[in-house]
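Here the structure comes first, spelled out in structure tokens, and everything after it is commentary.
Residue numbers (our numbering): 631 to 1146.
Structure, rendered in structure tokens:
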């Protein structure tokens, strides 16, 4: 009996000057039957890197038309299926399951989740809104689609379709449109230039619907070009002429986050309303509205928005929102309103589901140490690291440092917490520095002694530096603190010398003489 032919996949990408990220992307595609890398004019080592992974490296050209470049690239594909990937993206999933799903059919087009890269760390702050998960067409039968649109290009069906579906077995992880990457590649300015030129052409010959869509592309490109004020103003200008539901959704969705970060309250409410009214599901706009209200300190308004959100929502595009994902916002709101018992119960549920229950400063105020320790003991390794990272970022707040202490007493000797504690020299008080220094030394990390770090920290007050150095010398005989002590003593104002010497004689008797 003859076996069925193997389902083949061609990965297709267009690139330019991507030497920093391309290898990681190509590593994720080694399972593919073919990888087509269409280079549009790199001046770095992009083509050389690509050649290490594939024989299909095409020296192409760039004509300010993304769709044209993608069409030229996919013309070199030979597989049954085309998988679209960018140089700053990686494929995530089981290739065997992917081939099995493609072979089963009957669909000729598949959408995939495109997730923003976060290195596994999400800061659990109540007003945090950086989730970047979208879905888009990424896999289709070769020959079934051609790309259209010089900017924000889309693959358009060329004939009758047998349907589309969302792939649940794989996804794309994307990191290209971070602030750093946009700046490094000048992607924002490039995209805006193309969008504006495209609009000029369409305004001369296009239909009203085409002109409206091109204007939306310009507004979205202004955001990537780091022109938020201009983007918001332009978006308001073109809004009255938008009559297509999808275009109003695109504009509302795009401008909402911009308004939250850079706009007025009136702009925030305008664009959140647009997004909520024209999206397939209003829950994502409601989630951002809840975060926004909480960031303004309006706990009642935040809770009112959260109450509208079902336990779980999944759209036709596969986007999912669990109400429990908003636990940091809801816990903060409940705590602010004095509803501590519901806040505690919600925090426990969140941790049990591996979700950050809220900001450390809020949690430490909402729970007794015993209650908080009981909750933290259930945290997964991933969530534990997330909470420690939040403590590092918020270490200037005394209650955050208290939270870090509770974490340590919950898991004594934890290396993640100790590493975080070793970075507290700019903000820690003397008592805290002494405590963490003892723990660091007890667990073999004398080199990271916080007393020494504080003593050497030039931004700390001379008094704090001198006392920390004296403690390090008297308690541990740490000679690294001697130069720091001498330097700190030389910085003390004459009128403060007597007081400091008295304090030094208490913490390190006899170390510094009266004539120092």
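Glycine included, each C-beta is placed from N, C-alpha and C at the ideal position.
Could you round the C-beta distance between residue i and residue j to whole angstroms and report it? I think they count as a contact, below 8 Å.
{"i": "residue 819", "j": "residue 855", "result": "5 Å"}
{"i": "residue 957", "j": "residue 988", "result": "7 Å"}
{"i": "residue 1134", "j": "residue 1141", "result": "6 Å"}
{"i": "residue 881", "j": "residue 869", "result": "7 Å"}
{"i": "residue 1054", "j": "residue 1031", "result": "7 Å"}
{"i": "residue 789", "j": "residue 774", "result": "7 Å"}
{"i": "residue 886", "j": "residue 918", "result": "6 Å"}
{"i": "residue 669", "j": "residue 645", "result": "5 Å"}
For residue i, which of helix, strand or coil comes out of DSSP?
{"i": "residue 785", "result": "strand"}
{"i": "residue 761", "result": "Model confidence at residue 761 stands at a pLDDT of 47, short of 50, so the residue's coordinates are unreliable; what they give is reported in the following sentence. Three-state result, residue 761: coil."}
{"i": "residue 996", "result": "helix"}
{"i": "residue 1045", "result": "helix"}
{"i": "residue 659", "result": "coil"}
{"i": "residue 832", "result": "helix"}
{"i": "residue 686", "result": "strand"}
{"i": "residue 980", "result": "helix"}
{"i": "residue 1141", "result": "coil"}
{"i": "residue 643", "result": "strand"}
{"i": "residue 691", "result": "coil"}
{"i": "residue 1053", "result": "coil"}
{"i": "residue 967", "result": "coil"}
{"i": "residue 669", "result": "strand"}
{"i": "residue 664", "result": "strand"}
{"i": "residue 818", "result": "helix"}
{"i": "residue 719", "result": "strand"}
{"i": "residue 1136", "result": "helix"}
Which residue's Cα is closest to the Cα of residue i: the options?
{"i": "residue 1009", "options": "979, 745, 867", "result": "979"}
{"i": "residue 707", "options": "654, 638, 679", "result": "638"}
{"i": "residue 817", "options": "1027, 694, 801", "result": "694"}
{"i": "residue 931", "options": "970, 916, 656", "result": "916"}
{"i": "residue 802", "options": "828, 1103, 776, 741", "result": "741"}
{"i": "residue 1050", "options": "834, 1034, 1039, 1109", "result": "1034"}
{"i": "residue 950", "options": "939, 960, 959", "result": "939"}
{"i": "residue 1065", "options": "660, 1056, 1079", "result": "1079"}
{"i": "residue 892", "options": "732, 857, 866, 824", "result": "857"}
{"i": "residue 1118", "options": "1097, 1129, 1106", "result": "1097"}
{"i": "residue 922", "options": "907, 902, 937", "result": "902"}
{"i": "residue 1084", "options": "822, 652, 1095, 823", "result": "1095"}
{"i": "residue 1021", "options": "1043, 1057, 862", "result": "1057"}
{"i": "residue 653", "options": "719, 673, 689", "result": "719"}
Between which two residues does the beta strand (DSSP E) carrying residue i extend?
{"i": "residue 866", "result": "Counting along the chain, residue 866 falls outside any beta strand (DSSP E), though it belongs to the alpha helix (DSSP H) covering 858-868."}
{"i": "residue 776", "result": "775-778"}
{"i": "residue 989", "result": "Note, residue 989: premise wrong, no beta strand (DSSP E); not H, not E."}
{"i": "residue 1082", "result": "Residue 1082 -> not in any beta strand (DSSP E); alpha helix (DSSP H) instead, spanning 1080-1086."}
{"i": "residue 803", "result": "794-804"}
Where do the N-terminal and C-terminal ends of the alpha helix (DSSP H) with residue i fall, by residue?
{"i": "residue 1019", "result": "1011-1023"}
{"i": "residue 636", "result": "Note, residue 636: premise wrong, no alpha helix (DSSP H); not H, not E."}
{"i": "residue 1104", "result": "1092-1106"}
{"i": "residue 882", "result": "875-892"}
{"i": "residue 1116", "result": "1111-1121"}
{"i": "residue 847", "result": "838-854"}
{"i": "residue 908", "result": "895-908"}
{"i": "residue 1067", "result": "1060-1072"}
{"i": "residue 1032", "result": "1028-1040"}
{"i": "residue 925", "result": "913-925"}
For the 8 Å Cβ check, are there 3 or more pairs between the segment 679-699 and the segment 730-738?
no
Margin query: Within 8 Å, do at least three Cβ pairs link the segment 708-722 to the segment 828-848?
Written below: no
Is it a yes or a no for the segment 774-786 touching the segment 717-728, going by three-plus beta-carbon pairs under 8 Å? no
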